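So, in structure tokens, the structure goes:
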């Protein structure tokens, strides 16, 4: 059992979409509570697995592994929506409802033309009844294991906001960390003293104390460990300490970090689908994109005449870095 994984209250933070040039960077958080010392991956077997799922299993793992292959989106969506449904009690009907309940600033997102309508029906790749049944089984399995979802959240940073932060920091790594800590702060507000939060490392960054102290000015931040794999701190609030750890391969070390990884990736998939739909409605035959460097530039060239005709700034669509 990984020493970072047993819970009383264990939370995780991860992101998706730092590399692409189109679509949002998404940072997500998840928090669980249960009996001290319980490993969620072991306690929720066999219905929940970290390996390739069989039959009706739910896979909670690094989103890159969950989302691979021809059925990747189906597996990823099943994981994200089952967790969402266990927490909120029903399946979200639309992308807008899904994002709103996760705490995203839907009003701000809608100001971008291709996100003005977030009425995309969910689920995308699964039958709604199958997801509802799987969520019911997940909820029952969690109750039997005395594990509960305490909090789920996601912060989509659209291109305009991403570029504004780049302009302010002149550094992509600092931009990444700035938004990462925003979600971390949200998670820490929800967890009790004595909790552990495990975040996936922000690239190769090893030092986080100053960023944590800036985010929590009323707390005392003590550095416990900083090395090639793990950076760990005690954030001591008025009500007590919370252990915050940034670790390489965080999704492999802690269940809620893996769940946050899947949630972040699914939010990005939903928003990129909405973006593609908006442009495809206006440009017949347009090839869709996942937003990465080469194909993202192809897509940008394909939609350039529309952007010019509609007087839409390229800076709303493509990241500056």
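In the numbering used here, the protein residues as written are 329 to 649. All C-beta atoms, glycine included, are put in the ideal place defined by N, C-alpha and C. The structure presented is a predicted model; accordingly, all values stated were derived computationally and were not measured.
Item	Value
Cβ pair residue 595, residue 354 closer than 8 Å	yes
Under the three-state DSSP convention, the category residue 530 falls into	coil
6 Å Cβ shell around residue 446 - same chain, five flanking residues per side excluded	423, 424
Where residue 582 falls: helix, strand or coil (DSSP)	coil
Beta-carbon proximity of residue 391 to residue 404, cut-off 8 Å	yes
DSSP-derived helix/strand/coil call for residue 329	With a pLDDT of 34 at residue 329, under the threshold of 50, the modelled position of that residue is not reliable, and the figure given next carries that caveat. Here residue 329 sits in coil by DSSP.
Touching by the beta-carbon criterion (3+ pairs, under 8 Å), the region 435 to 455 and the region 360 to 367	no
Host beta strand (DSSP E) of residue 441 (start-end)	Segment: none, residue 441 is in no beta strand (DSSP E) and carries neither H nor E.
Cβ neighbour criterion (16 or more within 10 Å) applied to residue 629	exposed
Rounded C-alpha distance that separates residue 512 from residue 584	13 Å
Sufficient close CB pairs (3 or more, under 8 Å) joining the region 379 to 389 to the region 491 to 508	no
Beta carbon of residue 478 nearer than 8 Å to that of residue 359	yes
Sequence-distant residues of its chain with Cβ nearer than 7 Å to residue 590 (five each side left out)	388, 391, 394, 404, 407, 408
Contact set for residue 541: own chain, Cβ-Cβ below 7 Å, skip 5 residues either direction	549
Which listed residue (383, 466, 432, 645) has its alpha carbon closest to that of residue 417	466
Straight-line Cα distance separating residue 442 from residue 433	15 Å
Residue 574 - DSSP class collapsed to helix/strand/coil	strand
Sheet register partners of residue 406 (DSSP bridge)	Looking at the DSSP assignment, residue 406 forms no beta bridge with any residue, so it has no partner.
contact_flag[the region 615 to 630, the region 371 to 384] where n(CB pairs < 8 Å) is 3 or more	no
Extent of the continuous beta strand (DSSP E) to which residue 617 belongs	First-last for residue 617: undefined, no H or E at that position.
Alpha-carbon to alpha-carbon, residue 483 and residue 565	24 Å
Proximity winner among 500, 472, 520, relative to residue 533 (alpha-carbon distances)	500
Rounded separation between residue 525 and residue 560 - CA only	10 Å
Under 8 Å between C-beta atoms of residue 505 and residue 563	no
Cut-off 8 Å between Cβ atoms - residues of its own chain near residue 634, not counting five sequence neighbours on either side	607, 610, 611, 640
Cβ-Cβ separation, residue 371 to residue 473 (assumed contact under 8 Å), whole Å	4 Å
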